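The opening residue of the sequence shown carries number 1 in my numbering; numbering runs sequentially from there.
One structure below.
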Amino acid sequence: FSAYANFISAHPGFPQQAVLQQRAEAALDRDPVGPETLVAFFDRNPPLTNPAKARYALALATQNRAEAFAIARDAWRGGTMSGPAEAYLEGLYGARFSAEDHDARMNALLWQGDSEGAARHAMRVSPSQRDLGMARLALLQGTAPSSAGISVPDDARSDPGYVYNLVRYYRTSNQIPQAVALLTSRPTFTRPAFNGEAMIGEMLRVARGASSDRAARIAGSVDDLFAPGYDVSKGSYRLRDDYTSLMWLGGTSALWNMGDDARAAPLFYRYGAAAETPQTRSKGFYWAGLAASRAGMAQEAERYFNLAAQYPDRFYGQLAHKELGRPIPSLQQAAVATPTDQQCREFATSPLVAATRHVAQGAPWSTGIQFYRELAQSADTPEEHALVAELAREIGRRDLAVNVAEAAGADGHDAFVAQGFPTLPLPPGTNFTLVHAITRQESQFAQNAISHAGATGLMQLMPGTAREEAERAGMTYMNASLISDADYNIRLGSNHIERLVARYDGSYPLAFAAYNAGPGNVNKWLRANGDPRTGAIGWLEWIEKIPFFETKNYVHRVIENAAVYEQLHPERAPYGRARTVSDFLR
1 FSAYANFISA
11 HPGFPQQAVL
21 QQRAEAALDR
31 DPVGPETLVA
41 FFDRNPPLTN
51 PAKARYALAL
61 ATQNRAEAFA
71 IARDAWRGGT
81 MSGPAEAYLE
91 GLYGARFSAE
101 DHDARMNALL
111 WQGDSEGAAR
121 HAMRVSPSQR
131 DLGMARLALL
141 QGTAPSSAGI
151 SVPDDARSDP
161 GYVYNLVRYY
171 RTSNQIPQAV
181 ALLTSRPTFT
191 RPAFNGEAMI
201 GEMLRVARGA
211 SSDRAARIAG
221 SVDDLFAPGY
231 DVSKGSYRLR
241 DDYTSLMWLG
251 GTSALWNMGD
261 DARAAPLFYR
271 YGAAAETPQT
281 RSKGFYWAGL
291 AASRAGMAQE
301 AERYFNLAAQ
311 YPDRFYGQLA
321 HKELGRPIPS
331 LQQAAVATPT
341 DQQCREFATS
351 PLVAATRHVA
361 QGAPWSTGIQ
371 FYRELAQSAD
381 TPEEHALVAE
391 LAREIGRRDL
401 AVNVAEAAGA
411 DGHDAFVAQG
421 FPTLPLPPGT
431 NFTLVHAITR
441 QESQFAQNAI
451 SHAGATGLMQ
461 LMPGTAREEA
471 ERAGMTYMNA
481 SLISDADYNI
491 RLGSNHIERL
501 VARYDGSYPL
511 AFAAYNAGPG
521 NVNKWLRANG
531 DPRTGAIGWL
541 EWIEKIPFFE
551 TKNYVHRVIE
561 NAAVYEQLHP
571 ERAPYGRART
581 VSDFLR
């Protein structure tokens, strides 16, 4: 604990600070420290986990701090903690904890899967909640309540905790039809779920094994999981990811498999509304508009397309403008907010800024990119984004410029679009649009980038691919030059993507997919899902059915990059006009 705590205290703003703190808190079991040390650390860095919160409360109690009981009560209601902490808290405050506090603790322990803790706590549960708690505990231990002689309350299925434990019991005992039936026939919940993330995860797992109709029904039954007004887009990454996956599964099941466009539209809308990033939000809203349009719901379709069109630099945002019959608005540099002198001074003295300057002077790319992303994501206001953007220009890091533009866009600040699409001096005969579109996605213009798979340099070429392209071009293959010589990397990468475009009869989506996943996979997907070049399947549906998330996202991002680069630099467009996303879908 001490090593992590000292590092966090000495390096505020270090990348992945929350991860470091969670490791520090986990280390307390094997590296206990005194109450003074705990209080000093957690006063500055509030606990992230419930076991650490319990330890903090106990440490505060040794100092007679007024807030000790409130934090202890919160930890008690929060569930899992170490055995000694549980015993000490009960000894100190057990008489002050209410029946509601004890019931809340039981609920939390059962959600967290802590069967031992729940069994110890069962005697403290109020009579009105005891049967429900014991039924849930039996399920958690892998036993049907009836087999354990436990009476299940008549209204148990209106409790999200009971339904969660029962669905999980069904799924883990391979009773998927029963889990599906429960999720599609349950009554409205009487209270929000203690852990909506866990519940959504179970619903997603079950829905994947359900029929299209039932998958759509499961996806449409999430509103009562959360408190009124709860915004899923502000939740944890896992919650957002599973929630949007469930909505996408429900929406596509209704749209593609059932032809039920009206049913699909609100599920796609929920997908977009729950997303955090512009590309995902615009995707959900566009598909909602498409489904509503097919269902003849013109007003709803226009509303959804307008939501997607708020992101004109994104793949689906541009397609929404086309659906609305509007030209793409100018993406040229907009007015940037001017930071105050005080903001400039605070930025200049930030430890994270100092560390970013340091790693920019020669640290490995895998290290530097962590700091660039952290710094970009730490900016919240237009002024802070402007300061990071200026730093990117000052230290010559195009990858930081790309990251700050992406972060600003996610925060709703669109003044940095142009800066997020930097340009390179290109060797003669290379394709301006394709080189920049791919380089922005592959390396974010970091010349020294090396992926975990060994892809290298600006256009992230695998050594074998680079060697083949060098031989075809009559060039000497030099592995070191893939990083040291930008022109060399660009020539080989440009040749490779143009060869793939030709291989697929001028199709950009297929060529981009092959650049990322290889022609073998693309050919397999063409056989499995149909060939969009023949009209057997629509381009959007074909791309969305790519089974590799990385490749699907890659195709979207590279096409939108290509369109934006031509709109920012129409004089470099190969056909005398800037193309939009729809022009690349061929």
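Note that beta-carbon positions come from the ideal geometry of N, C-alpha and C, so glycine has one too.
None of these values were measured; they are calculated from a predicted model.
**Study point:** Where residue 289 falls, given that 16 or more other Cβ within 10 Å makes a residue buried
**Key:** Buried, because 16 or more other Cβ atoms sit within 10 Å of the Cβ of residue 289.
Check your understanding: In three-state DSSP terms, what is residue 62?
Key -> Residue state, collapsed to three classes: helix.
Practice item. My understanding is that residue 371 touches residue 356, with C-beta atoms under 8 Å, so please give their C-beta distance in whole angstroms. Key: Between residue 371 and residue 356 the beta-carbon gap is near 5 Å, inside 8 Å, which marks them as a contact.
Review point. How would you call residue 406, buried or exposed, if buried means at least 16 neighbouring beta carbons within 10 angstroms?
Key: With 16 or more Cβ atoms within 10 Å of its Cβ, residue 406 is classed as buried.
Check your understanding: Count the other CB atoms within 10 Å of the CB of residue 380; is the residue buried (16 or more) or exposed (fewer)?
Key -> Within a 10 Å sphere around the beta-carbon of residue 380 sit fewer than 16 other beta-carbons, which makes this residue exposed.
Check your understanding: Counting only runs that start and end within the region 227-272, where is the alpha helix (DSSP H) found for 4 or more residues in a row?
Key -> Complete alpha helix (DSSP H) runs here, min 4: 237-252.
Check your understanding: Of all the options 292, 462, 323, 433, which has the alpha carbon lying nearest to the alpha carbon of residue 571?
Key -> Nearest of 292, 462, 323, 433 to residue 571, Cα basis: 433.
Check your understanding: If we count Cβ pairs, one from each stretch, closer than 8 Å, do we get three or more for the region 188-205 versus the region 223-237?
Key -> Contact holds: three or more Cβ-Cβ distances are below 8 Å.
Exercise for review: Compare the Cα-Cα distances from residue 450 to each of 482, 475, 573, 320 and report the closest residue.
Suggested key: For the options 482, 475, 573, 320, the alpha carbon positioned closest to that of residue 450 is the one of 482.
Check your understanding: What residue ranges within the region 308-382 form continuous alpha helix (DSSP H) runs of no fewer than 4 residues, ordered along the chain?
Key -> Complete alpha helix (DSSP H) runs here, min 4: 315-323, 341-348, 351-359, 365-378.
Point to revise | Runs of alpha helix (DSSP H) lying entirely within the region 48-112, each at least 4 residues, in chain order | key: Fully enclosed alpha helix (DSSP H) runs of 4 or longer: 50-62, 68-78, 83-93, 99-111.
Practice item. Report yes if the CB atom of residue 436 is closer than 8 Å to the CB atom of residue 423, and no otherwise. Key: In contact: residue 436 and residue 423 (Cβ atoms closer than 8 Å).
Practice item. Count the C-beta pairs between the region 277-297 and the region 328-337 that are closer than 8 Å, then say yes if the count reaches three, no if not. Key: Using a C-beta cut-off of 8 Å, the region 277-297 makes no contact with the region 328-337, since fewer than three inter-stretch Cβ pairs fall below that distance.
**Study point:** For residue 168, the nearest candidate out of 202, 501, 188, 135 (CA to CA)
**Key:** From the listed residues 202, 501, 188, 135, the smallest Cα separation to residue 168 is found for 202.
Check your understanding: If we count the other Cβ atoms within 10 Å of its Cβ and call it buried at 16 or more, is residue 177 buried or exposed?
Key -> Residue 177 comes out exposed.
Check your understanding: Are there 16 or more other CB atoms within 10 angstroms of the CB of residue 253, so buried, or fewer, so exposed?
Key -> Classification for residue 253: buried.
Exercise for review: Measure the alpha-carbon distance for residue 417 versus residue 315 and round it to whole angstroms.
Suggested key: So the two alpha carbons sit approximately 14 Å from each other.
Check your understanding: Does the beta-carbon distance from residue 73 to residue 41 come in below 8 Å?
Key -> In this structure, residue 41 does not lie closer than 8 Å to residue 73 by Cβ.
Practice item. Pick out whichever of 251, 81, 345, 45 has its Cα sitting closest to the Cα of residue 55. Key: Here the closest residue by C-alpha is 81.
Point to revise | Bridge partner(s) assigned by DSSP for residue 450 | key: As DSSP reads the structure, residue 450 sits in a beta bridge with 456.
Check your understanding: Cα-Cα, which of 160, 554, 155, 134 is closest to residue 148?
Key -> Nearest to residue 148 by alpha-carbon distance, out of 160, 554, 155, 134, is 134.
**Study point:** Beta-carbon spacing of residue 580, residue 322 below 8 Å
**Key:** Cβ distance < 8 Å, so residue 580 and residue 322 count as in contact.
Practice item. Throw me the rounded Cβ distance for the residue 251 and residue 287 pair, which I believe falls under 8 Å. Key: With 8 Å as the limit, residue 251 and residue 287 qualify as a contact, their Cβ atoms being about 7 Å apart.
Exercise for review: For the alpha helix (DSSP H) containing residue 121, list its first residue and its last residue.
Suggested key: Per DSSP, residue 121 belongs to the alpha helix (DSSP H) from 115-121.
Exercise for review: Buried or exposed for residue 116, please, with buried defined as at least 16 other CB atoms from any protein chain shown within 10 angstroms of its CB.
Suggested key: Counting the other CB atoms within 10 Å of its CB gives residue 116 a total below 16, which places it among the exposed residues.
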